[in-house]
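Read the structure below first, then the notes.
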Amino acid sequence: MTSDATYEAALDLTREWCKIPSVKGDDRQIARQADALATWLKNELGATIVSASSANGRPPVIHARIDVGAEKTVILYNMYDVMPASPEGWSVDPFKGGIVDLEGIGESFVARGAENNKGPLAGMLFAVKALADAGKLRVNVEILVDGEEESGSGAMRDYLAALDCPVRNSVSALFPSFCEYGGGAPRVYLGFSGIAKGEVRVDAGAWGGPKAAIHSSNAPWIGNPASRLVEALSLIGKPPTGELARTAIDAEAASIISELAKTFDPAAELRFRKTETFSLGGNAQALLEHVLSTASFNISSLESMPLGSDGVIPHAARAAFELRTPPSLNPADFLKQYRMTLETAPGAILNVADSYPGFRFSADAPGVLALIKSYKTTANAPPQIWPWAIGAAPAYAFARHASSFLLAGAGRGGNAHGIDEFMTTEGFRRFIQSITLWLEHVADETEAA
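Per my numbering, the sequence shown runs over residues 674 to 1122.
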């Protein structure tokens, strides 16, 4: 079990780091958090700082190394950036944090970053420290911490892609997080979806129209950017889910999904819905097969300019989007086709902010068995194994350096990006224990190999 001293120290560090509002755009606080992290790694963990520099104005990529002379090496990846938050609606100030007894959940530490991901970051580091201090760390550890995970991990991806990248070849890469979603069984993801983010935009000035809003009585003879945007959006994705295409489920994935469906509860998965109705019908297996095989185009916001105006023809309109694909499909391929299709919608422009493909690992990849073993000791139920996550992570960037990339960890957190983001105190203990056990089991797994 995780000792009281390790738990209390990890909780204190979580509280300290959650007080730093390291949100996108606040360069001073991002730098403050990066400095605090690098200092802790050097002074408290005794790690060698390989890199803590910023490139092209991006948040620093923190790369630290612990070399115990072991034959094998693992990567531990995490993040130090968080989403914005204002105090309205919170039980405590989001950038002060505090222990709150949450209804239906129990005693929890509440703060921005508690779950996503400063709590897991602190717990991950103390799992390493506990083993290192006891002389029981039997793998070398490459620690990589991202300062812009919430906006695509561009600097980290560039760092890993560089020909002279100093990250050592590793048997497995782990992204420690609270994986008991909704308080259910912990999950193992064997891969991640790809993602593209951007906007579709229409400016009246692009076709010679007015560059400022004008009275709506001119509608019979003035092209409306908002109407043209609606036309452009109708050219991609089936409403209401934005489905683009589906990929075939291969034999290994089908077997994993079949087993997963035995315990998967669709209503619990979409517990945020007010009813138990779904856009799609079918049993758990059919729903899983659909969501895991589908590429989708999600419209996250719609705006016309000027904002909040009535009775006018806007001078511009935009729609922000996220395009997600299963690992076998590349979001860039859909965007290329969509860009060509938009030639039939004059004035519509596709601006892509970021795009990267998904990636998948086999069920017997290094680190997977060690993870399952760690869950069996720490969790309340057998783990759920997914062939890949419907969420995106830059697993492809780590594949060059490690034989697997796994999002993992016992423990419960919730409300990431929302009000009263939390991690349960009891779950935080289990989380630290699960990462500690994974480091021990992966050493045994690789030694046996």
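Glycine residues also receive a C-beta, built at the ideal position from the N, C-alpha and C atoms.
Can you name, in chain order, every residue of its own chain whose Cβ lies under 6 Å from the Cβ of Ala885, other than the five neighbours on each side? What you label residue 885 is simply residue 212 of the sequence shown in a count that begins at 1. Correct list, in chain order: His988.
What does a CB cutoff of less than 6 Å around Pro1136 pick up in its chain, not counting 5 residues either side in sequence? Shown here, the chain extends from 674 to 1122; a query on residue 1136 therefore has no answer.
Taking the beta strand (DSSP E) that Glu822 belongs to, which residues open and close that run? On the sequence shown, residue 822 is found 149 positions in, with the first residue counted as 1. If you look at Glu822, you'll find it isn't in any beta strand (DSSP E); DSSP assigns it neither H nor E.
Within its chain, find whatever has a CB closer than 8 Å to the CB of Leu661; leave out the 5 residues flanking it on each side and keep chain order. Residue 661 falls outside the range modelled here, since the chain spans only 674 to 1122, and no answer is possible.
What does DSSP give as the partner residue(s) for Gln1057 in the beta ladder? Translated into the one-based positions of the sequence shown, residue 1057 becomes position 384. In the DSSP assignment, Gln1057 forms a beta bridge with Arg860.
Closer than 8 Å is the cut-off here; do at least three beta carbon pairs connect the region 746–763 with the region 718–727? Per the Cβ contact rule, the region 746–763 is not in contact with the region 718–727 (fewer than 3 Cβ pairs under 8 Å).
I want to know whether the region 877–893 touches the region 1082–1096 - three or more CB-CB distances under 8 Å. Proximity of the region 877–893 to the region 1082–1096 falls short of the contact definition, fewer than three beta-carbon pairs being nearer than 8 Å.
DSSP on Leu960, reduced to helix/strand/coil? Residue numbering aside, residue 960 sits at position 287 when the sequence shown is read from its first letter. In the structure shown, Leu960 sits in a helix (DSSP, three-state: H, G or I).
Cα-Cα, which of Ala1116, Asn789, Ile772, Thr746 is closest to Ala758? Position 85 of the sequence shown, counted from the first residue, corresponds to residue 758. Nearest C-alpha to Ala758: Asn789.
Alpha carbon to alpha carbon, how far is Leu863 from Ser1076? Stepping through the sequence shown from its first residue, residue 863 is reached at position 190. Stepping through the sequence shown from its first residue, residue 1076 is reached at position 403. Roughly 11 Å separates the two Cα atoms.
Taking C-alpha atoms, which residue in Thr1097, Lys870, Ala1005 lies nearest to Glu780? As a working note, residue 780 is residue 107 in the sequence shown. Nearest option by C-alpha distance: Thr1097.
Inspect the beta-carbon positions of Leu614 and Val741 and report whether they are closer than 8 Å. Summary: the structure shown does not reach residue 614, with the chain confined to residues 674 through 1122, and so no result is reported for it.
Measure the Cβ-Cβ separation of Ser974 and Ala992 and say whether it is below 8 Å. As a first step, residue 974 must be located in the sequence shown, where it is residue number 301. As a first step, residue 992 must be located in the sequence shown, where it is residue number 319. If you check the CB distance, Ser974 and Ala992 come in under 8 Å.
Stretch pair the region 765–772 + the region 823–842: three plus CB contacts closer than 8 Å: No, the region 765–772 is not in contact with the region 823–842.
With the cut-off set at 8 Å, would you say Leu817 and Val747 are in Cβ contact? For the purposes of this step, residue 817 is taken as the residue at position 144 of the sequence shown. For the purposes of this step, residue 747 is taken as the residue at position 74 of the sequence shown. It is not a contact, given that the beta carbons lie outside the stated cut-off.
Residues in the same chain with beta-carbon distance under 6 Å from Gly825, minus the five sequence neighbours each way, listed in chain order, please. Within the sequence shown, the letter at position 152 stands for residue 825. Cβ neighbours of Gly825 beyond the five flanking positions: Asp1027.
Taking a contact to mean a Cβ-Cβ separation below 8 Å, would you say Ser966 touches Thr920 in this structure? The sequence position of residue 966 within the sequence shown is 293, counting from 1. The sequence position of residue 920 within the sequence shown is 247, counting from 1. In this structure, Thr920 lies closer than 8 Å to Ser966 by Cβ.
Based on Cα-Cα distance, which residue from Gly1064, Ile887, Trp713, Tyr750 lies nearest to Pro1030? If you number the sequence shown from 1, residue 1030 lands on position 357. The shortest Cα separation from Pro1030 among Gly1064, Ile887, Trp713, Tyr750 belongs to Gly1064.
Tell me, which residues are paired with Arg997 by DSSP? As a position in the sequence shown, residue 997 is number 324, starting the count at 1. According to DSSP, which records beta bridges pairwise, Arg997 is partnered with Ile868, Ser969.
Leaving out the 5 sequence neighbours to the left and right, which residues in its chain are closer than 6 Å to Val812 when beta-carbon positions are compared? As a first step, residue 812 must be located in the sequence shown, where it is residue number 139. Answer for Val812: Ala743, Lys745, Val747, Ala1116, listed in chain order.
Using only alpha-carbon positions, find the residue among Glu1016, Ser850, Ala828, Arg830 that is nearest to Ala1081. In the sequence shown, residue 1081 corresponds to position 408, counting from 1. When only C-alpha atoms are compared, the closest one is Ser850.
State the DSSP-derived secondary structure class of Thr936, mapped to helix, strand or coil. As a position in the sequence shown, residue 936 is number 263, starting the count at 1. Of the three classes helix, strand and coil, the one that applies to Thr936 here is coil, per DSSP.
Using a Cβ-Cβ cutoff of less than 7 Å, which residues in the same chain neighbour Lys947 once the five nearest sequence positions on both sides are dropped? Within the sequence shown, residue 947 is the residue found at index 274, counting from 1. For Lys947, the pLDDT reaches just 45, beneath the cut-off of 50, and the residue's location in the model is therefore unreliable, although a value from the coordinates is still provided. So the list is empty, once near-sequence residues are dropped.
Contacts around Phe1071, its chain only, beta-carbon distance under 6 Å, and the 5 residues preceding and following it disregarded: Mapped onto the sequence shown, residue 1071 falls at position 398. Excluding five sequence positions before and after Phe1071, the CB atoms of its chain that fall closer than 6 Å to its own CB belong to Ala846, Phe1078, given in chain order.
Under 6 Å Cβ to Cβ from Pro1125, same chain only, skipping five residues before and after it: list those, please. Since the first residue shown for the chain is 674 and the last is 1122, residue 1125 is missing from the structure and cannot be characterised.
What does the alpha-carbon distance come out to for the pair Glu650 and Ser900? Residue 650 lies beyond the range of the chain shown here (674 to 1122); nothing can be said about it.
Same chain, Cβ closer than 8 Å to Asn956, five either side skipped, listed in chain order: Position 283 of the sequence shown, counting from 1, holds the residue named residue 956. Cβ neighbours of Asn956 beyond the five flanking positions: Ala934.
Tell me, please, which residues DSSP counts as bridged to Thr1051. Mapped onto the sequence shown, residue 1051 falls at position 378. DSSP, once it has assigned bridges, lists no residue as partnering Thr1051.
Suppose contacts are defined by Cβ-Cβ distances below 8 Å. Is Leu1044 in contact with Ile972 by that definition? Numbered from its first residue, the sequence shown carries residue 1044 at position 371. Numbered from its first residue, the sequence shown carries residue 972 at position 299. Contact flag unset, no.
What do you get for His736, buried or exposed, if any count of 16 or more other CB atoms within 10 angstroms of its CB means buried? Indexing the sequence shown from 1 puts residue 736 at position 63. Here His736 is buried: its Cβ has 16 or more other Cβ atoms, across all protein chains shown, within 10 Å.
Where in the region 761–815 do unbroken runs of the beta strand (DSSP E), each at least 3 residues long, occur, reported from the N-terminal end onward? Counting only runs of at least 3 residues, the region 761–815 fully encloses the following beta strand (DSSP E) elements, listed from N- to C-terminal order: 771–775, 779–783.
Following the continuous alpha helix (DSSP H) through Ile703, name the residue where it begins and the one where it ends. Stepping through the sequence shown from its first residue, residue 703 is reached at position 30. Residues 700–716.
Looking at Pro732: is its Cβ nearer than 8 Å to the Cβ of Ile868? By one-based count along the sequence shown, residue 732 stands at place 59. By one-based count along the sequence shown, residue 868 stands at place 195. It is not a contact, given that the beta carbons lie outside the stated cut-off.
Just to confirm the assignment, what range does the alpha helix (DSSP H) spanning Ala834 have? Residue numbering aside, residue 834 sits at position 161 when the sequence shown is read from its first letter. Taken as a continuous stretch (DSSP letters only), the alpha helix (DSSP H) holding Ala834 covers 827–834.
Within 10 angstroms of its Cβ, does Asp700 collect 16 or more other Cβ (buried), or is it exposed? Taking the sequence shown and counting its residues from 1, the one referred to as residue 700 is at position 27. Taking all protein chains shown into account, Asp700 has fewer than 16 neighbouring C-beta atoms within 10 Å of its C-beta and is therefore exposed.
Compute the Euclidean distance between the alpha carbons of Tyr680 and Gly796, then round it to the nearest angstrom. Counting from one through the sequence shown, the residue named residue 680 turns up at place 7. Counting from one through the sequence shown, the residue named residue 796 turns up at place 123. Distance between the alpha carbons of Tyr680 and Gly796 is about 8 Å.
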